[in-house]
Ligand code: PMP
């Protein structure tokens with residue numbers, strides 16, 4: 032039976048068996064760094080396609096480095112562990128994979144050095160996070176994006192997501208789908224869990240990395256597709272809030288959100304209010320790539336078969352035999 036699956040304290044186990052002591056430093060102080068990775072199920076291939084796992088683990092290692100969290104495994108070794116988790120879960124559907132490097136020591140005091148670290152990873156079934164077709168209704172958040180001088184936004188620190196939680200909750204309670212956050216200077220930063228890009232005069236523009244954004248893997252992939260396949264120019268620069276209102280197209284990108292067009296912001300229609308032509312072309316390209324339907328970008332996906340089936344295909348079936 033497919034089930035949520037986990038690797039923690041150097042062992043694989045069903046997620047429901049995973050336990051953490053209450054005094055775990057990461058729980059007391061938010062001292063952990065994480066990734067969100069997708070396993071996209073391919074019916075044709077009968078396997079999950081993990082999207083750019085090595086790039087995710089390179090970013091996790093950077094986050095851990097910033098946060099003094101020991102993560103001795105290489106990005107490739109972490110990707111292998113993750114493949115074990117996804118295969119072990121046995122799902123025949125899209126999964127969300129959550130690797131976390133965390134301060135596992137049970138110590139009072141926020142100091143990072145001298146506190147033990149561990150790596151864990153789990154996989155659960157997961158569908159769409161935001162609607163990729165409708166045109167999202169967004170709100171500029173009253174919460175500002177946390178600045179690099181307080182908590183570095185380029186490190187995916189668990190505790191930092193209190194900032195996202197406040198912004199997302201405010202937007203949803205006000206009847207919107209997602210929040211767009213400005214940085215302390217009042218310039219556009221990103222969504223609560225997504226990078227943002229706009230289309231103006233046929234060019235793609237996204238806030239500079241120094242505007243307190245997470246350096247996203249989805250936007251990096253989409254920009255590569257835009258450049259290579261559509262010949263579009265990409266610009267990283269400061270974006271004003273009002274520039275979003277007059278952009279031809281605005282979209283959010285992220286592992287959970289994929290590429291989701293913004294139809295309305297602060298009660299102003301963006302473009303036609305419907306997914307624009309460039310967003311739609313990028314969506315088509317991106318969805319084909321993540322489902323393994325574009326051979327040119329096959330190196331971005333890692334196929335993993337559900338473990339029971341991988342075993343069954345190696346072992347001759349005998350009457351009454353059980354797959355473990
Ligand atoms: N910004 C924030 C705050 C996020 O949480 C995410 C999701 N990880 C992103 C941007 C997009 O990053 P990625 O495309 O690597 O998932």
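Numbering (my numbering), first residue to last: 32 to 355.
Don't be surprised by glycine CBs; every beta carbon is placed ideally from N, CA and C.
Everything numeric in this text was worked out from a predicted model, so none of it was measured.
Could you tell me whether any non-hydrogen atom of the ligand PMP is closer than 7 Å to the CB of residue i?
i: residue 245; result: yes
i: residue 182; result: no
i: residue 113; result: no
i: residue 221; result: yes
i: residue 226; result: yes
i: residue 62; result: no
i: residue 285; result: yes
i: residue 190; result: no
i: residue 77; result: no
i: residue 249; result: yes
i: residue 67; result: yes
i: residue 241; result: no
i: residue 73; result: no
i: residue 291; result: no
i: residue 94; result: no
i: residue 195; result: yes
Whose C-beta lies closer than 8 Å to the C-beta of residue i among residues of the same chain, with five residues either side of it excluded?
i: residue 143; result: 62, 98, 99, 100 and 134
i: residue 263; result: 233, 234, 235, 257 and 309
i: residue 320; result: 252, 256, 328, 331 and 332
i: residue 351; result: For residue 351, the pLDDT reaches just 39, beneath the cut-off of 50, and the residue's location in the model is therefore unreliable, although a value from the coordinates is still provided. Nothing listed; no residue qualifies.
i: residue 245; result: 184, 185, 187, 221 and 226
i: residue 300; result: 294
Give me the residue from the options with the minimum Cα distance to residue i.
i: residue 194; options: 212, 207, 208 and 206; result: 212
i: residue 290; options: 300, 314 and 296; result: 314
i: residue 167; options: 44, 67 and 280; result: 280
i: residue 174; options: 182, 210 and 54; result: 210
i: residue 129; options: 182, 81, 311 and 238; result: 81
i: residue 107; options: 292, 89 and 122; result: 89
i: residue 199; options: 104, 311, 171 and 150; result: 171
i: residue 137; options: 57, 254 and 311; result: 57
i: residue 94; options: 268, 189 and 124; result: 189
i: residue 87; options: 113, 78, 103 and 79; result: 113
i: residue 339; options: 105, 118 and 286; result: 118
i: residue 205; options: 298, 109, 53 and 164; result: 298
i: residue 102; options: 115, 65 and 74; result: 65
i: residue 241; options: 250, 269, 273 and 74; result: 269
i: residue 116; options: 325, 69, 141 and 55; result: 69
i: residue 265; options: 286, 104 and 239; result: 239
i: residue 217; options: 75, 76 and 272; result: 272
i: residue 83; options: 249, 182 and 76; result: 249
i: residue 60; options: 127, 71, 146 and 304; result: 146
i: residue 277; options: 302, 285, 254 and 267; result: 302
For residue i, which residues does DSSP report across the bridge?
i: residue 218; result: 271
i: residue 79; result: 72 and 335
i: residue 189; result: Per DSSP, none; premise fails for residue 189.
i: residue 213; result: 219
i: residue 36; result: 45 and 154
i: residue 320; result: DSSP lists no partner for residue 320.
i: residue 230; result: 235 and 280
i: residue 88; result: In the DSSP output, where bridge partners are listed per residue, residue 88 has none listed.
i: residue 65; result: 131
Quick one: what's got a C-beta closer than 6 Å to residue i's C-beta in the same chain, skipping five residues either side?
i: residue 296; result: 169 and 275
i: residue 227; result: 221 and 283
i: residue 316; result: 256 and 260
i: residue 35; result: 46 and 155
i: residue 178; result: 215 and 243
i: residue 288; result: 160, 161 and 225
i: residue 208; result: 167 and 168
i: residue 39; result: 49 and 151
i: residue 349; result: Since pLDDT at residue 349 reaches only 46, below the 50 mark, its modelled position is unreliable, and no value is offered.
i: residue 336; result: 78
i: residue 121; result: 33, 337 and 339
i: residue 230; result: 279, 280 and 309
i: residue 292; result: 166, 282, 306 and 310
i: residue 223; result: 195, 198, 199 and 210
Looking only at its chain, what residues have a beta carbon closer than 7 Å to the beta carbon of residue i, apart from the 5 residues adjacent to it on each side?
i: residue 158; result: 125
i: residue 44; result: 37
i: residue 92; result: 102 and 106
i: residue 132; result: 63, 64, 91, 95, 100, 102, 148 and 150
i: residue 51; result: 58
i: residue 324; result: none
i: residue 42; result: none
Task: beta strand (DSSP E) segments (min. 3 residues) lying fully within the region 262–307 - done: 265–267, 280–285 and 289–296
Open item on the list: Please give me, in chain order, every unbroken run of the beta strand (DSSP E) with length at least 3 that falls completely inside the region 103–186.
Closed with: Taking only runs of at least 3 residues, the beta strand (DSSP E) segments lying wholly in the region 103–186 are 126–134, 148–156 and 167–171.
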